[in-house]
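Visitor: Here it is, the structure in full.
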Amino acid sequence: MASVGGAGGAGGVGGLLWGNGGDGGADWWGGASGGPGGDARLIGHGGHGGFQGGIGAVGGVGGKGGNGGWLFGNGGDGGAAEVSGTAGNGGNAGLIGNGGHGGGAGLDSAGGNGGNGGTLLGDGGHGGNAGATLGVGGTGGNGGHAVGLVGSGGAGGSGAAGIAGSPGGSGGNGGNGAQWFGHGGAGGSGGPSTLAAGGAGGNGGTAALIGDGGAGGAAGASAAAVASAGGNGGNARLIGDGGDGGPGDSGGPGGTGGTGGSLLGQNGSNG
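In terms of our numbering, the sequence shown has 7 at position 5, counting the first letter as 1, and numbering is strictly consecutive.
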């Protein structure tokens, strides 16, 4: 249920055996929060978190995505935030499933973090992208981790574009790969800026025992030629290549390439 001046209502819980959680309600006024998505129970996807924003809304948090079913199901996506707030985080999967994606952000707001993948199989959700910033907030969300045996980390969200002389926001970090097989998530790119530095790129996530590290995010482009740094590549563990470092901008340092696997693999290249 949507709200005027208060928090959006929570989504309903999924059925006892199967069924998806309901979506959280939106908050259209006031700066409170979008409602959280409902959790699934045994089999089903979590509901999406509610939007936070609308006319006159400043501050507040987008609703968190609901968790996927204990046996099968993806986490719900986090709700978006519009002005000077924080987008909602994605919900976590249960045993098998992918984490929900973090919500996107508007002006001077941070993107939500991705949810974690299933405890057996599944990828982490991607971090939410940030929109624009006047110098406060604007960071992309971090990717969720793959916490089970097989799965890759989610990519970090991109940073906000700097406007009216403000620097760009930083990209989010990539999530880590699973325990046995899976790649690290890529770092998000920094946001561009016309009159200041672009945002720094996010760092890539660490791989599973077998898999490649995530690439570092590129620094945001600066039309004023103000330097900013690329993100570092993620490390491999046993077998796999390290992630490449992200390129810097306007003479800023590139990210350091990640370390290759201890048994087999190459180091990532520097940005």
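Just so it is clear, CB atoms sit at the ideal spot from N, CA and C, and this is done for glycine as well. Values in this document were obtained by computation on a predicted structure and should not be read as measured data.
Hey, quick one: how far does the beta strand (DSSP E) through valine 326 stretch, first residue to last?
Guide: Lying before the first or after the last residue shown, residue 326 is absent from the chain, which here runs from 3 to 273.
Visitor: Throw me the rounded Cβ distance for the asparagine 234 and threonine 258 pair, which I believe falls under 8 Å.
Guide: In the sequence shown, the residue the question calls residue 234 occupies position 232. In the sequence shown, the residue the question calls residue 258 occupies position 256. Yes, they are in contact, since the Cβ atoms of asparagine 234 and threonine 258 sit about 5 Å apart, within 8 Å.
Visitor: Can you give me the C-alpha to C-alpha distance between serine 111 and glycine 192, rounded to a whole angstrom?
Guide: Taking the sequence shown and counting its residues from 1, one reaches residue 111 at position 109. Taking the sequence shown and counting its residues from 1, one reaches residue 192 at position 190. Roughly 15 Å between the two C-alpha positions.
Visitor: Between the Cα of glycine 129 and the Cα atoms of Ser172, Gly247 and Trp72, which residue gives the shortest distance?
Guide: By 1-based counting over the sequence shown, the position of residue 129 is 127. Here the closest residue by C-alpha is Ser172.
Visitor: Would you call the CB atoms of glycine 179 and threonine 208 closer than 8 Å?
Guide: The residue you call residue 179 lines up with position 177 of the sequence shown. The residue you call residue 208 lines up with position 206 of the sequence shown. For glycine 179 and threonine 208, yes; Cβs fall inside 8 Å.
Visitor: If you draw a straight line from the alpha carbon of valine 152 to that of isoleucine 98, how long is it in whole angstroms?
Guide: Mapped onto the sequence shown, residue 152 falls at position 150. Mapped onto the sequence shown, residue 98 falls at position 96. Rounded to the nearest angstrom, the two C-alpha atoms are 10 Å apart.
Visitor: Write down the C-beta distance between asparagine 144 and glycine 101 rounded to the nearest angstrom, noting that I regard them as a contact closer than 8 Å.
Guide: Locating residue 144 in the sequence shown gives position 142, where the first residue counts as 1. Locating residue 101 in the sequence shown gives position 99, where the first residue counts as 1. Not a contact, Cβ separation roughly 11 Å.
Visitor: Roughly how many angstroms lie between the CA atoms of glycine 37 and glycine 106, to the nearest whole one?
Guide: Along the sequence shown, one-based indexing puts residue 37 at 35. Along the sequence shown, one-based indexing puts residue 106 at 104. Approximately 15 Å, taken between the alpha carbons.
Visitor: Under 8 Å between the Cβ atoms of glycine 287 and glycine 78?
Guide: Examination of residue 287 is not possible in this model, given that the chain is present from 3 through 273 alone.
Visitor: Please state the DSSP three-state secondary structure of tryptophan 20.
Guide: The count along the sequence shown starts at 1 and reaches residue 20 at position 18. Correct three-state label for tryptophan 20: strand.
Visitor: For the candidate residues Glu84, Gly71, Val85 and Gly90, whose alpha-carbon lies nearest to that of histidine 50?
Guide: For the purposes of this step, residue 50 is taken as residue 48 along the sequence shown, with counting starting at 1. It is Gly90.
Visitor: Quick one: what does DSSP say leucine 266 is sitting in, helix, strand or coil?
Guide: Counting from 1 along the sequence shown, the entry for residue 266 is found at position 264. Annotated three-state conformation of leucine 266 is strand, per DSSP.
Visitor: The beta strand (DSSP E) spanning alanine 107 covers which residue range?
Guide: For this step, residue 107 is matched to residue 105 along the sequence shown. Its beta strand (DSSP E) spans residues 107-109.
Visitor: Which of the three DSSP states is assigned to valine 152 in this structure?
Guide: Start at 1 with the first residue of the sequence shown, and residue 152 comes out as number 150. Three-state result, valine 152: strand.
Visitor: Which value, in whole angstroms, describes the spacing of the CA atoms of glycine 40 and glycine 96?
Guide: Here the question's residue 40 lines up with position 38 in the sequence shown. Here the question's residue 96 lines up with position 94 in the sequence shown. Note on geometry: alpha-carbon atoms of glycine 40 and glycine 96 lie some 14 Å from one another.
Visitor: Run the CB neighbour count on glycine 177, radius 10 Å, all protein chains shown included, and call it buried at 16 or more, exposed below.
Guide: One-based indexing of the sequence shown puts residue 177 at position 175. Classification for glycine 177: buried.
Visitor: Quick one: what's alanine 221 bridged to in DSSP?
Guide: Counted from its first residue, the sequence shown places residue 221 at position 219. Partner(s): none; alanine 221 has no beta bridge.
Visitor: Taking C-beta to C-beta, are alanine 188 and glycine 216 nearer than 8 Å?
Guide: Taking the first residue of the sequence shown as 1, we reach residue 188 at position 186. Taking the first residue of the sequence shown as 1, we reach residue 216 at position 214. Contact flag set, yes.
Visitor: Between serine 160 and glycine 142, is the Cβ-Cβ spacing less than 8 Å?
Guide: As a working mapping, residue 160 is identified with position 158 in the sequence shown. As a working mapping, residue 142 is identified with position 140 in the sequence shown. Yes; because the gap between Cβ atoms is below 8 Å, this pair is in contact.
Visitor: When DSSP labels each residue in this structure, what does glutamine 181 get in the three-state scheme?
Guide: Here residue 181 refers to the residue found at position 179 of the sequence shown. Three-state result, glutamine 181: coil.
Visitor: Nearest by alpha-carbon distance to glycine 127: which of Thr135, Gly70 and Gly253 is it?
Guide: Numbered from 1 along the sequence shown, position 125 holds the residue referred to as residue 127. Here the closest residue by C-alpha is Gly70.
Visitor: Let me know the secondary structure DSSP gives glycine 104 once reduced to three states.
Guide: Counting from 1 along the sequence shown, the entry for residue 104 is found at position 102. Of the three classes helix, strand and coil, the one that applies to glycine 104 here is coil, per DSSP.
Visitor: State the Cα-Cα distance for the pair leucine 197 and serine 230, rounded to the nearest angstrom.
Guide: As a first step, residue 197 must be located in the sequence shown, where it is residue number 195. As a first step, residue 230 must be located in the sequence shown, where it is residue number 228. One C-alpha to the other measures close to 13 Å.
Visitor: Within this structure, are the beta carbons of serine 35 and glycine 62 separated by less than 8 Å?
Guide: Your numbering for residue 35 matches position 33 in the sequence shown. Your numbering for residue 62 matches position 60 in the sequence shown. Glycine 62 sits close to serine 35, with the two beta carbons spaced by under 8 Å.
Visitor: So isoleucine 212 and isoleucine 241 are supposed to be a Cβ contact under 8 Å. How far apart are they, rounded?
Guide: By 1-based counting over the sequence shown, the position of residue 212 is 210. By 1-based counting over the sequence shown, the position of residue 241 is 239. Isoleucine 212 to isoleucine 241, Cβ: 5 Å. Contact.
Visitor: What three-state label does DSSP hand glycine 7 in the structure shown?
Guide: Within the sequence shown, the letter at position 5 stands for residue 7. Because glycine 7 sits at a pLDDT of 44, beneath the cut-off of 50, its placement in the model cannot be relied upon, and the following sentence gives the value as read from the coordinates. Residue state, collapsed to three classes: coil.
Visitor: Nearest to glycine 190 by CA position, among Gly201, Pro169, Phe183 and Val228, is which residue?
Guide: Residue mapping note: residue 190 aligns to position 188 of the sequence shown, counting from 1. Closest by alpha carbon: Gly201.
Visitor: Comparing C-alpha positions only, which one of Ala226, Gly140 and Asp125 sits nearest to serine 86?
Guide: For this step, residue 86 is matched to residue 84 along the sequence shown. Nearest of Ala226, Gly140 and Asp125 to serine 86, Cα basis: Gly140.
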